[in-house]
Amino acid sequence: MEVDLSSAQAIIDKHRQQKKALIPILQEIQEVYHYLPEPVLRLVSKKLGLPLIDVVGVATFYRAFSLKPRGNHVVTVCMGTACHVRGGPKVLEEFERQLQVKPGETTPDNQFTLETVNCLGCCAIGPVVVVDGNYHAQTTIRKVGRILKPLRKEKS
Amino acid sequence: MSPRKSTPKMRRLSDLENIIAAAKESRQKETKTVIAVSSGTCGQARGSNRLIEAFKKALKQDGLRDRVILKATGCHGFCEAEPNIIIYPQGIFYQKLEPKDVSNVLNQTVLNGEICEDLLYVDPVTGEKPTKEEEIPFYKKQKRLVLGDNPRLDPTSIDDYFSIGGYGSLLKVLSSLSPEDVIKSITQSGLRGRGGAGFPTGKKWAFARAQKGDLKYIICNADEGDPGAYMDRSLLEGNPHRVIEGMIIGAYAIGAREGYVYVRDEYPLAVANVTLAIEQARKKGLLGENILGTGFSFDLHIAKGAGAFVCGEETALIASIEGRVGEPRQRPPFPAVKGLWGKPTVINNVETWGNVPIIIEKGAEWFASIGTNGSKGTKIFSLVGKINNTGLVEVPMGITLREIIFDIGGGIPGGRKFKAVQTGGPSGGCLPEKLIDLPIDYESLTQAGSIMGSGGMIVMDDRTCMVDVARYFLNFLRDESCGKCISCREGTQRLWEIVTDITEGKGTMEHLTLLEELALAVKEASLCGLGQTAPNPVLSTLRYFRNEYEAHIKDKRCPAGVCKALIRYSILAEKCTGCLACLRVCPQGAITGELKKVHVLDESKCIKCGACFEACQFDAILIE
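Below, the structure is given as structure tokens:
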């Protein structure tokens, strides 16, 4: 797959190719590409003068980075303690059943990526699910279908 | 909210003095009604943005824009009642508002001074309807030194912060105190780190001050990774200038020229608000070269975390700012001696920085008069889980768990029984009911097998399984362990495997001895706080809830009805009304029946997803 490297190049230049800016550079790249494509990581390594292993090390150490392309919609289920005791795991299982993927995976039609997060800090309104940046409070098993329905419609 | 006119860059101390005085006066003289809408992340998740739009529209339509100031503030702390508003100057508190309520609020309360009864908070115990914020039991016993200004402030306006006397402590420091005076004051106040370990803040500053060299750094640790704790998010979202003011004072005290706010990427609103606040402070001349003509220079940057819990540990956090993998390193040398880029660095937590301006303003003695012998001031706790009044509570140190959970928190929902409270996040422990009268401070919590931590307080009832809670934290820790020490990397993994076996009915009594032995090894042999405290959740549940472990092992039973492998679902014929609700939601078609006839659950098809339990309105689904 051909990847357009120009945006990544611009981000690296903006940070004046500084080694210490590796994490912000990867964050900004991910915002544009929605993941970290391999050719981009190679470019970052070359331009910053860092061994590729160090770049990949950072990219795989931090949870926020993804080396795989993500779907059009990202569903993030909070796994914080408060969400856990209020039934978060059951909500996650329902998403797994309805989307037929496990956390970290993307549906074959590339529509949905299911992810978990350790805590979003909205503990009072758990279980919390964030879909494309929109927060859903006090989710239940029954609300899962309602959350997915409008997004599925969009597709057809 | 029209954009406020901005004042030019300040160049002298007297400029700041004048600005604060003018802003305070204009707030005092304000005759308009102020409607403060709680708009932190939770408020927004509950619809505060729609509410604000509705207010804006109505104010325009009714021609009230010159009589009412609408303020989108940070979190008011009472998350259960979101979205809520406070109407000033009266302090009227309305909760759970919807856009349709807006016209009543404006017509009845703002125009006619009448109270909208149906929007008031109802005390679930007494049935009373307090009108004002301070009369609500949730707020009554609190002492909101750090969070109290949130409802009074538009966090995107530096002028609003000036109008409550903000940056007054910085003015006092720069005009009349030497760095040594500041450190002395912080030391005498008895302030200890609010991020977890409780190290005396003044002492840390003194170490850094004493180091030679002119390059030193200040860091605000806003990598609030403990699941269940969100006070730092709330403070950064709702009152970012307070934290920045604390940091500038700290920089002056230790002699730092540069600083970082390391904030979680999972907190987009906090990142936005603190970024904006730094820009505003820079424009006003409160950050940058030669601040207010005093010769003191200091600037602040944002570093965004990338989702690694271990980066809350200070040496890992430093590695992360330097662009590396967030692995902790051996201490000493402590960061106060050798920190960011090898230079002396003071790292304090958000809440600690937020306490600094008030100590300067009101004095060390005043601050030290609050709290217990060893723990001074207040602490913010996030009271969440199985509790009626969820929210952020700020209380004096030394208050008992009972006061927090029952007086402020309003007890357990649904009349269920209180079982335990988990404090300190994954490094903490679970405290049982018999410790409910424990006065809370750093020492008492440690003695009880937990820790203060960053202040998460997760309340659990009789339907929470303590073995499952231990499994949950071990799963969290094995996932977040950075992998540097084998004791932590492999130890948390193995602990998790054993506890998981127990929750699946595959445990033996020997496992309990093995758990304790292994837990000790992980504790003793790990380098950083993550590993050293990782066994706490399993050790504290073993200490206080051993009978639950034994029920899972000997009787193959989960008393709380949580562990999937050990429970079964059935329908209670005497309670089932035949309403079809469970039948409709069952994803497996495991429930059969007709309208108004008792339904039947086929256990062989049941996947124990819990959908029927959630759907049943008549408590007819039995989990045992």
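As given, the protein sequences belong to chains A and B, one line each in that order.
In terms of this note's numbering, the first sequence opens at residue 38 and continues consecutively.
In terms of this note's numbering, the second sequence opens at residue 5 and continues consecutively.
Glycine residues also receive a C-beta, built at the ideal position from the N, C-alpha and C atoms.
Which residues DSSP lists as bridging residue i, in chain order
i               : result
R196 of chain B : B:P204
C434 of chain B : B:Q426
V354 of chain B : Per DSSP, none; premise fails for V354 of chain B.
M116 of chain A : BP columns for M116 of chain A are empty, so no partner.
T77 of chain B  : B:S42
G375 of chain B : B:K380
Whether residue i touches residue j by CB criterion (9 Å)
i               : j               : result
M116 of chain A : V154 of chain A : yes
Q99 of chain B  : L123 of chain B : yes
Q426 of chain B : T118 of chain A : yes
I39 of chain B  : F59 of chain B  : yes
G597 of chain B : G582 of chain B : yes
V341 of chain B : C160 of chain A : no
S475 of chain B : W500 of chain B : Sequence check: residue 475 of chain B is Arg here, not Ser. Cβ atoms of R475 of chain B and W500 of chain B: closer than 9 Å.
G199 of chain B : K380 of chain B : no
E137 of chain B : I73 of chain B  : no
I444 of chain B : G495 of chain B : no
N631 of chain B : I455 of chain B : The structure shown has nothing for residue 631 of chain B, since chain B only spans 5 to 628.
S362 of chain B : A285 of chain B : The question names Ser, yet the displayed sequence has Ile at residue 362 of chain B. No, they are not a contact pair.
V177 of chain B : R246 of chain B : no
T45 of chain B  : G170 of chain A : no
Chain-order list of residues whose beta-carbon lies under 6 Å from that of residue i (same chain, five-residue window excluded)
i               : result
N393 of chain B : E84, F142, G413 and G414
S52 of chain B  : V41, S43 and P87
P417 of chain B : N392
C156 of chain A : G117
R148 of chain B : E398
L188 of chain A : H110
F617 of chain B : I625
C610 of chain B : Y573 and A594
S6 of chain B   : Unreliable placement is indicated for S6 of chain B, whose pLDDT of 41 sits below 50; the coordinate value is still reported in the next sentence. Answer for S6 of chain B: no residue qualifies.
A174 of chain A : I162
T37 of chain B  : V72 and V114
Residue nearest to residue i in terms of C-alpha spacing, selected from the options
i               : options                           : result
V604 of chain B : B:Q592, B:S574, B:K612 and B:A585 : B:S574
Y234 of chain B : A:G182, A:G163 and A:L188         : A:G163
E195 of chain A : A:A47, A:Y70 and A:I62            : With chain A covering 38 to 193 only, the question about residue 195 of chain A has no answer from this structure.
I140 of chain B : B:L151, B:G330, B:L149 and B:V126 : B:V126
G250 of chain B : B:G232, B:I223 and B:L273         : B:I223
L629 of chain B : B:L17, B:G614, B:L576 and B:I23   : There is no way to answer for residue 629 of chain B, as the model of chain B reaches only from 5 to 628.
L42 of chain A  : A:I66, A:L59, A:D146 and A:Q55    : A:I66
D269 of chain B : B:K287, B:G309 and B:A260         : B:G309
K488 of chain B : B:S544, B:G429 and B:A320         : B:A320
Y92 of chain B  : B:Q621, B:E520, B:R31 and B:C46   : B:R31
G242 of chain B : B:H80, B:I455 and B:D230          : B:H80
A276 of chain B : B:F302, B:L239 and B:S301         : B:L239
I187 of chain B : B:L174, B:K207 and B:G169         : B:K207
S544 of chain B : B:P430, B:F410, B:E407 and B:N116 : B:P430
H515 of chain B : B:R550, B:C532 and B:R482         : B:R550
D230 of chain B : B:R547, B:M461 and B:V114         : B:M461
N108 of chain B : B:Q146, B:M513, B:P128 and B:A62  : B:A62
K366 of chain B : B:I190, B:A27 and B:L546          : B:I190
L55 of chain B  : B:Y446, B:G67, B:K75 and B:D70    : B:K75
Own chain residues within Cβ distance below 8 Å of residue i, not counting five before or after
i               : result
E57 of chain B  : P103
H556 of chain B : V471, I506, T507, G509, G511, C562, C567 and L570
Y264 of chain B : Y221, I222, I223, C224, L304, H305, I306, A307, I325 and L344
E142 of chain A : T150 and L151
K601 of chain B : G582
I60 of chain A  : V95 and Y99
S193 of chain A : At S193 of chain A, the pLDDT of 49 sits below 50, so the modelled position is not reliable; the number obtained from the coordinates is stated separately. Excluding positions up to five away in sequence, the list is empty.
Anticipated Cβ contact below 8 Å, residue i with residue j, distance rounded
i               : j               : result
S82 of chain A  : P88 of chain A  : 7 Å
T77 of chain B  : D158 of chain B : 6 Å
K139 of chain A : E133 of chain A : 6 Å
D218 of chain B : E228 of chain B : Not quite, the Cβ-Cβ distance comes to about 32 Å (not below 8 Å), so this is no contact.
K84 of chain A  : Q54 of chain A  : 5 Å
C434 of chain B : A564 of chain B : Their Cβ separation, rounded to whole angstroms, is 13 Å, which puts C434 of chain B and A564 of chain B out of contact at 8 Å.
L129 of chain A : V114 of chain A : 5 Å
Y165 of chain B : L290 of chain B : Y165 of chain B to L290 of chain B, Cβ: 11 Å. No contact.
P348 of chain B : Q215 of chain B : 4 Å
Any non-hydrogen atom of the ligand ATP closer than 8 Å to residue i Cβ
i               : result
G108 of chain A : The ligand ATP is absent from the structure shown, which contains no ligand whatsoever.
Own chain residues within Cβ distance below 7 Å of residue i, not counting five before or after
i               : result
I48 of chain A  : I62, E65 and I66
S608 of chain B : none
K612 of chain B : K568, I571 and Y573
E407 of chain B : K145
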